[in-house]
């Protein structure tokens with residue numbers, strides 16, 4: 300007695316089909332192809348072709364590569380690759396089910412990361428601001444002691460004769476004029492030491508410091524230019540080519556500052572420079 304459509308001997312039609320390797324080999328032979336010719340056309344190495352025809356898939360490197368080789372060889376010899384691959388899956392446990400990506404991972408991946416404060420940029424900006432403030436303070440002379448008087452460098456020549464132009468042309472000349480040094484002393488602040496340098500006989504290198512040793516000015520004073528400095532206590536000077544410098548201290552001209560090409564180091568306080 301038979302069950303269903305099975306033959307009386309109990310074997311299904313699939314049991315009578317040739318193996319995968321036997322089917323590929325018979326198809327190759329029927330097409331008159333050699334193993335080397337199939338290997339050359341499919342780029343599957345000859346040992347792998349021979350092994351597959353012997354149903355030895357160990358040289359393929361895994362089931363995934365075995366399926367690919369079966370597909371390529373089947374097409375080369377005129378067989379249906381899908382039926383052979385289905386037979387291979389049935390004999391080797393089937394294809395592994397693909398693993399779905401975890402939704403939690405996708406959500407974490409696309410979630411925007413919160414922005415953190417850029418402390419590095421803030422620190423750099425703060426340092427730049429502090430350095431700029433310190434540089435500005437040093438340039439302006441801090442509390443005002445030792446600051447240079449603006450506008451002295453703009454006049455190319457000394458203006459010693461300017462006070463004589465204040466009288467109107469119609470008035471008679473004053474019979475007696477005050478000593479220039481006395482009037483100049485009266486015009487400067489009595490609570491500070493004021494020094495004015497004018498390069499008359501050529502350019503000179505100058506350096507000026509206040510009573511704290513802080514540098515007020517340093518550089519080349521070109522011929523015809525002037526610089527004026529003041530401090531509450533003392534000004535220290537270094538003059539290169541001292542003979543080219545015309546020096547006024549607290550409004551009074553200092554004679555014989557130095558010879559041409561000589562370097563002079565001078566220090567002045569409040570009051571009459573000659574008395575000090």
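Numbering (the working numbering), first residue to last: 300 to 575.
A virtual CB, placed ideally from N, CA and C, is assigned to each residue, including glycine.
For residue 326, no beta strand (DSSP E) encloses it; the enclosing alpha helix (DSSP H) starts and ends at 319 to 329. Secondary structure at residue 499: coil, using DSSP grouped into helix, strand and coil. Between the beta-carbon of residue 533 and that of residue 568 there is about 5 Å, and that keeps the pair under the 8 Å contact cut. According to DSSP, residue pairing for residue 568 in a beta bridge involves 533. With contacts defined as CB atoms closer than 9 Å, residue 525 and residue 493 fail to qualify as a contacting pair.
Taking the Cα of residue 543 as reference, the smallest distance to any Cα among 340, 515, 571, 504 is reached at 504. Beta-bridge partners of residue 518 (DSSP): 505. One alpha carbon belongs to residue 388, the other to residue 344, and they sit about 23 Å apart. The beta carbon of residue 324 is closer than 6 Å to those of 352 in its chain, skipping five residues each way along the sequence.
Bridge pairing for residue 525: 497 [DSSP]. Cβ neighbours of residue 318 within its own chain (closer than 6 Å, five residues either side excluded): 354. Distance from the Cα of residue 322 is smallest, within the candidate group 557, 379, 429, for 379. Its chain contains 327, 343, 348, 372, 375, 376 as the residues whose beta carbon lies nearer than 8 Å to that of residue 337, once the 5 sequence neighbours on both sides are disregarded; these appear in chain order. Per DSSP, residue 552 is one residue of the beta strand (DSSP E) stretching across 551 to 553.
In the structure shown, residue 563 falls within a strand segment according to DSSP collapsed to helix, strand and coil. Secondary structure note for residue 546: its beta strand (DSSP E) is the uninterrupted segment 544 to 548.
Straight through space, the alpha carbons of residue 418 and residue 506 are spaced by roughly 42 Å.
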